[in-house]
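Comments concern the structure below.
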Amino acid sequence: MAILNDFEYKKPKELDVALSLLSSHHEKAKILAGGTDLVVYLKEDILQPKLIIDIKGLSDLNKIEISDDYITIGAGVTFTDIIESKNIKEKLPILYQASESVASIGIRNRATVVGNICSAVPSLDSAPALLVYDSYVLTQNKSSKRSISIHDWFTGPKKTTLKPDELVLGIKIPVIKHTGVYEKLGRYKGEDLAQAGIGIMVYDTNKYRIAHCAVGPIPKRMKKLEDFLNGKEISNEVVTKAKKIITEEIFPISDIRSSAEYRSHMMKVMFERGLKKSIARAKGGKS
Amino acid sequence: MKKISINLNGETRVVHVEPEETLLSVLRNKLGITSPKCGCDRGDCGACAVLLNGRSVRSCLVLAMETDSQKIVTVEGISQNGLTQVQNAMLDMNAFQCGYCAPGIIISATELLENNSNPNLEEIKEALSGNLCRCSGYLPILEAVKESVKEDSHE
Amino acid sequence: MNDLKYVGKPSVRIDGKEKISGATKYTEDIEYGPNLHYAAIVESTEAHAKIVNIDTSEAEKVSGVVGIYTGKDFPFKFGLYMKDRFIFAMDTVNYVGQQIAAVVARDEKTAQKAAKLVKVKYEPLPAIFDQMEAFKDDATIIHPNLGNYEHVPWFFPQANTNIAHWRKTRRGDVKKGFDDADFILEDNYSVPRYSHCPLENHAAVGLCDLSDRLTIWASSQSPHTQRNLFAESLAPLGFSHKDIRVIAPPIGGGFGGKAGVSMEILAAALATKVKGKPIKILWSREQEFYNTSQRQGLLAKIKIGAKKDGTFTAIDHRLYWDTGASAEYGANVVNAVGLSAIGPYRFKNISIDSVCLYTNLPPCGAYRGFGYSEFMFGLESHINRIANELNIDPVEIRKKNAIRENDTLAYGVAMNPNGLLECIDKVAEKIKWKEKHKTKDINTKVGKGFSLIWKAPAMPPNASSAAFLKFSEDGSINILVSGMDMGQGYLTVMAQIAAEILKVPLSKIRTENPDTDRNPYEWQTVASHVTWSCGNAVRKAAINARNQIFDVVSRTLYLSKDMLYLEDEKVKCKTKKNFELPLKDFVINGIQAEDSTFKGGPIMGHGLFMPEYTSANSDPETSQGGHPNVHYTVGAAAISLEVDKDTGEIHIEKAVEAIDVGKAINPSLVNGQITGGLLQGLATVLYEDMRFDDKGKMLNPNFTDYKIPTAKDVPDEIVPIIVEVPQPDGPFGARGVGEHTMIPAAPMIANAVDDALGIRIKSMPITKEKIALTYLKKEK
């Protein structure tokens, strides 16, 4: 399948140049990092940009920066980089686990976390982790910088709050001590898009943060569920009540990948199993 | 049309490409490298895998211009001084049938064994799970990768 | 046959090194030169409509476009068993994706751009997407000219209906059989459409030179049959068989999808319009899904009667097939099943109706298993249920009713020698049938499932194979045959057969995929018949060459022919211990006689095989009187799994499959068929499913949503068991095995899920979602 659209390709070495190009082209320009979504869209003629800006020449964006309080993941950082980072495995285990569940190695070697949130498909695997971590998306245009809460980032299926002249520089993630899991529903063990996903974080004493993907128009935190669970020791009774709340916070659809009924059922199963796993991990950590 | 220079299987190759040409198409149609195959054209099947700076990538999802001044290795390069140990194990065990997926799988196996000289079965499955094969049922391929590692430890 | 040196050995495939070094040139990999052109296809967006107008004016203006062609350029029908297709749609379209026009251009991008500018105006007609709708009396007629279509004599299309073929088989007294039964079970089973998914998409290149020599390179299972169909279809343009050459490079998987003719005819036809320029047509993965051929959907209604002791008394099996917009190949699948839907069981009272129905979905055709996987899902599920109802062990009920040598088949012919009971016993032992294993996970339940295997090649009664075999100066051999190695290892097996007869090592034998100009005839590489049929031809060619060798040695060196034998690439003599003559010394240049002249010359063997005992002629109401099938290959399989009751996820711990292959010419390759075929079968039951929207458009024409298994989705262990009860007319006793390996997969999963969770799922696929939701409902 040939790409039918004609465009220019540029690979700037300076951030300023990239921002100028964006500012002069707006929607006509598309950012290329890993290309695992973009090139498919070009082949299917879903996008017809006039300019492709390859940001792999911007070496500052290819880094994972670690400080005591934050981890910042640059826009050029691939899922493989994430998986190979000891710091992320230790400090952001939910993101690590989500990254491992993305596609396959040949894709993860190219695809970036930032690209994942920019595609903003409802099934994006990295979203539940970034949501429970209360992450920030760092963007910049020619004149200013923004730090956008991940909770405000997704505005609809395949839609974000990013402006056409803005470039995402990276994602800033606050580091707090926790355990957790990302549970994903796929049609088999091999690579698949999430038909439902849930990220569960357990921290402090009986504090919980939970977020979903693929069971609503955008990935989201499950606040009612968190409010119910916070402060509670987990028992079978608590879990049974919590499972009822899940239904109120998700809006699964039926499509060729899965029925709404199964998505809904599996969210409860994954919640219960994921929660128990997280708590077991937390206890394991203490001993 | 832009002139790019790539290190392809150890040799510098200069080629003129358009922005919309993929690496897969340039390898196959302009550089005479046909081992990477176009099985799905959207990154699902892994038949077009090549090593880009040592990492396996889907050449159908890479624009040729992105590879200017980069290093690319295909199965032609891997095989140029005779078959590698893992290829020999695959050959001896009749691991492949139609062979169309073989180049992609050999790329994935090569990447794995470069980074991990003694992978366990789960690691082998993870490394190869991005390459679809319709003929073999995978077990003979997994077996061959394991076998090649075993021989390694005997040396 | 105790001292076989090459046959029966797990040799490395002779084309292994080229595949593993990346050297193999598939159709798309061959260089066709700088004059290569590309064609892009304009496809129907409607499932059933009249074509009101095709406007090509905008497309014609695109620079680089060489020509645009439509149905009116090729008003020719084609089809393998029934001529019900046109090269391009004529006045109506019958499915979404049907080719309407082609744009030929100097490059791929131009062709595709211009194809997008062709505007087709339609007048929609009522469309049918369900075979039971098509079967209704008042259904829209999809092929109004069905009554006039040319077809093989064993098809019975019904004019002014959507019934492309109805195979009826009747034997014994079915009413009495059910009257005699202590227990009768009647139920329906459904199977959706499936896609072959070879990793290599269909590809074809056509070149008609200025002398009207037409060459087609195609990724094909059927080069000679394609040549025949191209010649028949293009005869009005003045082409005869001798003018047409099909070159079939190695193919990247077939599974039945590259049998017969589908898109290849476009390359042949377009080449005749753009002479002197090779034209390449590559199917995209999407097109590979919706416009090649698919496996037919099936609704099966099964009624079986049994005695208390488990003895079957009667079967009434009605099968309704969704063949899509063309039945040219699919109707023969329907036919094959109509003759064999008793399964590998002794039934005296039989009624089978196998009905082929047109719908407005893409055409269907051959798919590994040729209908048997589809009906065996229902039949083997049904038999398990009968066993459970009668409180008889599912393995025991199968053994009790298993067909034996010389039992009468549904169409009245005796069953061939077979090792079915041996297969059943070996599988039951290996899977530890009577033992229930334990699971550590509280969420999972364990189950085991069993199924038998049964299939005959479905071939015209005069399908044949032929072989040439020639020596070179160093005593090495080229075998020329026209079967296709699509991965099964056919080329290696042919070499092993010749090696055994001529005592030449495999390293000195080359067998390659065919070119119809150079290689002798082969019907098609389908039906799991080439090892048997072409193997016989190669065996005869080798014997023929051996006779030539003995003849020249005998007449020049005065040795009795009867005393000569071959060993280690030499001619030796039983009565003259010191005599040995290396083949390389004379197989080209002959033997120098005492008078210094030379005798003999290049040794060239030839052989052919046609099963001279078959006949497709029988009573259309009962199917009695003919001899449609050459033999059945049988076997048994079982599975041991854990299933998560909440998620529905299945984990297969062990699968065991035993097949009676007659003689495994190469056990390593047979094991490869078992492992690969079984996983393909498991994929159809666990993951795959072609989905269409309510307008007949396929919803999942890609691997993102049509899930074929990855390396992570394999059973922990597959145990292949080879049983060898020789086929009397097979080479070294061999019979086919390729398709059979996937047949038991679906019913044994259904049976194991029932064993584990007590739920009976009667529609494929049996996905984790279906299992979880069915179990959830049961528990409520």
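Residue numbers (our numbering), protein chains in the order written: chain V, 1 to 287; chain L, 1001 to 1155; chain C, 2001 to 2780. Glycine included, C-beta positions come from ideal geometry on N, C-alpha and C. None of these values were measured; they are calculated from a predicted model.
Quiz item: Exposed or buried, what is Met-2376/C when buried is set at 16 or more other beta-carbons lying within 10 Å of its beta-carbon?
Solution: Buried, since its Cβ has 16 or more Cβ neighbours within 10 Å.
Exercise. Identify, in the order they occur along the chain, each residue of the same chain with its Cβ nearer than 6 Å to the Cβ of Ser-278/V, setting aside the five sequence neighbours on each side.
Key: Thr-179, Gly-180, Val-181, Ile-200, Val-202
Quiz item: In or out: Met-2132/C buried (at least 16 other Cβ within 10 Å) or exposed?
Solution: exposed
Quiz item: Hey, is Pro-1103/L's beta-carbon within less than 8 Å of any beta-carbon in chain C?
Solution: yes
Exercise. Run through the stretch 2563–2605 of chain C for me and flag every whole beta strand (DSSP E) of 3 or more residues, listed as ranges in chain order.
Key: 2564–2567, 2570–2573, 2576–2582
Quiz item: Per DSSP, what kind of secondary structure is Phe-2550/C in: helix, strand or coil?
Solution: helix
Practice problem: Quick one: residues in its chain with C-beta nearer than 8 Å to the C-beta of Ala-2402/C, no 5 flanking neighbours on either side, listed in chain order? | Solution: Contacts found: Pro-2344, Tyr-2345, Arg-2346, Leu-2420, Leu-2421, Ile-2424, Leu-2452.
Exercise. From the DSSP output, in three-state form, read off Ile-2708/C for me.
Key: coil
Quiz prompt | Under 7 Å from the C-beta of Gly-190/V: neighbouring residues of chain L | solution = Ser-1129
Quiz prompt | Neighbour list for Leu-2036/C in chain V, Cβ cutoff strictly below 7 Å | solution = Residues of chain V passing the Cβ test: none, with the nearest at roughly 14 Å.
Quiz item: Is the CB of Val-102/V under 8 Å away from at least one CB in chain L?
Solution: no
Quiz item: Would you report the Cα separation of Arg-2302/C and Asn-2188/C, rounded to the nearest angstrom?
Solution: Checking the displayed sequence, the identity of residue 2302/C turns out to be Ile instead of Arg. Distance between the alpha carbons of Ile-2302/C and Asn-2188/C: 6 Å.
Quiz item: For His-2317/C, which option in Glu-2286/C, Lys-2400/C, Phe-2183/C, Thr-2169/C has the closest C-alpha, if you only look at C-alpha atoms?
Solution: Thr-2169/C
Practice problem: Examine chain C for any beta-carbon lying closer than 8 Å to the beta-carbon of Thr-1022/L, and answer yes or no. | Solution: no
Self-check item: CA nearest to the CA of Thr-2444/C, picked from Ile-2766/C, Lys-2050/C, Ala-2756/C
Solution: Ala-2756/C
Practice problem: Tell whether a beta-carbon distance below 8 Å holds between Tyr-136/V and Lys-172/V. | Solution: yes
Practice problem: Could you name the residues of the same chain whose beta carbon sits closer than 8 Å to that of Val-2538/C, not counting the 5 residues immediately before and after it, in chain order? | Solution: The answer, listed in chain order, is Ala-2467, Leu-2469, Ile-2479, Val-2481, Met-2494, Ile-2497, Ala-2498, Gly-2607, Pro-2731.
Self-check item: Coil, strand or helix - Ser-2465/C by DSSP
Solution: strand
Exercise. May I ask you to report which of helix, strand or coil DSSP gives Cys-2197/C?
Key: coil
Quiz item: If Lys-2025/C sits next to Thr-1034/L, beta carbons under 8 Å apart, how far is it from one beta carbon to the other, in whole angstroms?
Solution: About 7 Å separates the beta carbons of Lys-2025/C and Thr-1034/L, which is inside the 8 Å limit, making them a contact pair.
Self-check item: Whole-Å CB distance - Met-2604/C paired with Ser-2464/C, under 8 Å assumed
Solution: That pair is no contact at about 20 Å.
Quiz prompt | Contact between the stretch 1008–1025 of chain L and the stretch 72–92 of chain V (3+ Cβ pairs under 8 Å) | solution = The stretch 1008–1025 of chain L makes no contact with the stretch 72–92 of chain V, as fewer than three CB pairs between them are under 8 Å.
Quiz item: Secondary structure at Tyr-262/V, three-state DSSP: helix, strand or coil?
Solution: Judged by DSSP in its simplified three-state form, Tyr-262/V adopts helix.
Quiz item: Got a sec: which bits of the stretch 251–263 of chain V sit with their beta carbon under 7 Å from any beta carbon on chain C, in order along the chain?
Solution: Ile-256, Arg-257, Ser-258, Ser-259, Glu-261, Tyr-262
Practice problem: Count the CB pairs spanning the stretch 92–103 of chain V and the stretch 17–27 of chain V that are closer than 8 Å, and state whether there are at least three. | Solution: no
Practice problem: Could you work out which residue in Asp-1068/L, Ala-1049/L, Asn-1088/L, Leu-1139/L is closest to Ile-1004/L when comparing CA atoms only? | Solution: The shortest Cα separation from Ile-1004/L among Asp-1068/L, Ala-1049/L, Asn-1088/L, Leu-1139/L belongs to Asp-1068/L.
Quiz item: Which residues mark the beginning and the end of the alpha helix (DSSP H) in which Ala-2271/C is found?
Solution: Going by DSSP, Ala-2271/C is part of the alpha helix (DSSP H) stretching over 2264–2273.
Quiz item: Can you name the residues of chain V whose CB is closer than 9 Å to the CB of Val-1026/L?
Solution: None at all; the shortest Cβ gap to chain V is about 12 Å.
Self-check item: Within the stretch 35–72 of chain V, ranges of the beta strand (DSSP E) (whole runs, at least 3 residues)
Solution: 51–54, 64–66
Practice problem: Please name the residue or residues paired with Arg-2510/C in a DSSP beta bridge. | Solution: Answer by DSSP bridge pairing, in chain order: Asn-2478/C.
Quiz item: What residues in the stretch 2430–2455 of chain C bring their beta carbon closer than 9 Å to a beta carbon of chain L?
Solution: Near chain L, meaning a CB-to-CB distance below 9 Å, no residue of the stretch 2430–2455 of chain C qualifies.
Practice problem: Please name the residue in Lys-2348/C, Thr-2311/C, Leu-2299/C whose C-alpha comes closest to that of Val-2798/C. | Solution: Since the first and last residues shown for chain C are 2001 and 2780, residue 2798/C lies out of range.
Practice problem: Determine, using beta carbons only, whether Ser-1148/L and Ile-1107/L come nearer to each other than 8 Å. | Solution: no
Exercise. Give the range of the alpha helix (DSSP H) segment to which Glu-1123/L is assigned.
Key: 1121–1128
Quiz item: Three or more C-beta pairs closer than 8 Å, one from the stretch 2247–2254 of chain C and one from the stretch 2092–2104 of chain C: is that the case here?
Solution: no
Quiz item: Which whole-angstrom value describes the C-beta separation of Leu-2506/C and Tyr-2032/C, a residue pair presumed to lie in contact below a C-beta threshold of 8 Å?
Solution: Taking a contact as a CB-CB distance under 8 Å, the pair Leu-2506/C and Tyr-2032/C does not count as one, their CB atoms being some 33 Å apart.
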